[in-house]
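So the structure is just underneath, and the comments pick up after that.
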Amino acid sequence: MSFVWMYAFLGIAAGFESMSAVGSLSAWEGPINPKASTIKAVEDCLLPMGITSENVAERYGISREAQDTAAVLSHARAAAATTSGRFKDEIIPIHTNVVDAKSGIVKPLVVSEDDGIRPDTTLEVLARLKAVFKENGSTTAGNASQVSDGAGAVLLMRRDVATRKILPVLGIFRSFAVIGVDPAVMGIGPAAAIPAAVKGAGLHITDIDLFEINEAFASQFTYCLEKLGLDHKKVNVNGGAIALGHPLGATGARCTATLLHEMQRRGKDCRFGVVSMCIGTGMGAAAVFECSSIP
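Going by mature numbering (1 follows the signal peptide of the UniProt record, and there is no 0), the letters in the sequence shown line up with residues -15 to -1, 1 to 280, in that order.
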């Protein structure tokens, strides 16, 4: 919150992740203090993320069908957004080279859209997938965020700096909150953080016109929507991480970019928006933004 206290004039938040280069989804692979096993809350911080998803589904009664339904909607919305060009303003095309597996010839390639979106995803297709993390579980490769590579960045500055540099303002940063939750069900983080951030902005949750809630797993995403009583029509309107992927270091910037561009498109019909996500080891984070095009 340095900008609030005027300690900073301009800052960049950026990150990237190559999930495809990581061979494990464990929360931690370094040496563990032996005392960790004697304190359940600490021990739960080391749970594989997929198990925390299963815990959410079991503890809060999120059915396999509800999870698969959320996944189908994510892919359908992401496909529609891609086809209509709604992601173009927030994606920087990457020029690279690839080696043809058969001929060995190096060919140029321009990556300009996410390649994990499956527009033909249906409940019938997802129902055939087996649980990945637990026997008789409900979290599958189809209703969890994808293993993806990506990078993202956002530029934050005081308004007087933006005005002086003649830079367009996409949105106004109003508040931020981080809340701790039970590590065993870390995915419920947004359900705790969103109300805190909204209150910090002096608003009520009914004042929020648009939400970007990271879909780490359909179980926790569905729970958060149900817990907060959110309208599906206001949440992840262009799809989420189940379709777009969840490169950990880039997700916050990606969600923020998607939210702000969508708020700009909606103009006066969308004044306030929220970005939120869960965090491994038991946290939730949320931020409130105001559309800059509304006087």
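For glycine and all other residues, C-beta sits at the position ideal for the given N, C-alpha and C. Predicted, not measured: the structure shown is a model, and the values here were computed from it.
State the start and end residues of the unbroken alpha helix (DSSP H) segment that holds residue i.
i: ASN121; result: Segment: none, ASN121 is in no alpha helix (DSSP H) and carries neither H nor E.
i: residue 288; result: Nothing can be reported for residue 288, as the shown portion of the chain is limited to -15 through 280.
i: ASN40; result: 34 to 45
i: LEU31; result: Run containing LEU31: none; DSSP gives neither H nor E here.
i: PRO180; result: 174 to 185
i: ALA271; result: That residue, ALA271, is in no alpha helix (DSSP H); its beta strand (DSSP E) goes 268 to 276.
Between the beta-carbon of residue i and the beta-carbon of residue j, is there less than 8 Å?
i: GLY156; j: ILE164; result: no
i: VAL154; j: SER277; result: yes
i: PHE(-7); j: ALA235; result: no
i: VAL166; j: MET4; result: no
i: LEU140; j: ILE47; result: no
i: GLN205; j: VAL41; result: yes
i: VAL259; j: ALA270; result: no
i: ALA181; j: ALA201; result: no
i: ILE190; j: LEU210; result: no
i: GLN52; j: THR207; result: yes
i: ALA203; j: ALA26; result: no
i: ALA(-2); j: GLY137; result: yes
i: HIS80; j: VAL91; result: no
i: GLY89; j: PRO232; result: no
i: ALA65; j: PHE72; result: no
i: GLU98; j: ILE77; result: no
i: ARG256; j: GLU275; result: yes
i: MET171; j: ILE264; result: yes
i: PRO168; j: ASP254; result: no
i: residue 283; j: THR54; result: Since the first and last residues shown for the chain are -15 and 280, residue 283 lies out of range.
i: LEU111; j: ASN128; result: yes
List the whole-angstrom C-beta distance separating residue i from residue j, where the pair is believed to meet the contact cut-off of C-beta under 8 Å.
i: ASN223; j: ARG113; result: Not confirmed; about 27 Å, so no contact.
i: MET262; j: GLY237; result: 7 Å
i: LYS186; j: ARG143; result: According to the sequence shown, residue 186 is Ala rather than Lys. In fact, because the Cβ distance is near 18 Å, the residues do not count as touching under 8 Å.
i: residue 285; j: PHE118; result: With the chain covering -15 to 280 only, the question about residue 285 has no answer from this structure.
For the beta strand (DSSP E) containing residue i, list its first residue and its last residue.
i: residue 313; result: Only positions -15 to 280 of the chain appear in the structure, and residue 313 is not among them; the question remains open.
i: ALA255; result: One point to set straight first is that residue 255 is Cys, not Ala, in the sequence displayed. Premise fails: CYS255 is in no beta strand (DSSP E) and is neither H nor E.
i: GLU109; result: Premise fails: GLU109 lies in the alpha helix (DSSP H), 108 to 112, not in any beta strand (DSSP E).
i: residue 283; result: This structure leaves residue 283 out entirely; the chain is present only between -15 and 280.
i: SER160; result: 156 to 165
i: ASP134; result: 134 to 142
i: LEU195; result: 195 to 198
Please tell me whether, using a cut-off of 7 Å, the distance from the CB of residue i to the nearest non-hydrogen atom of the ligand PLP is below it.
i: GLY135; result: Of ligands this structure carries none, so the ligand PLP is not represented either.
From the beta carbon of residue i, is the nearest beta carbon of chain B less than 8 Å away?
i: ALA(-2); result: Structure shown: chain B not included; a single protein chain is present.
| Does the region 186 to 205 come close enough to the region 243 to 251 to have 3 or more Cβ pairs within less than 8 Å? | yes
| Do the region 119 to 130 and the region 33 to 41 meet, that is, are 3 or more Cβ pairs less than 8 Å apart? | yes
| field | In chain order, each alpha helix (DSSP H) run of at least 4 residues that lies wholly inside the region 210 to 253 | value | 226 to 229, 233 to 251
| Cβ pair count under 8 Å reaching 3, the region 61 to 77 against the region 96 to 114 | yes
| said: Runs of 3 residues minimum, wholly inside the region 78 to 103: which ones carry the beta strand (DSSP E) assignment? | reply: 79 to 84, 91 to 96
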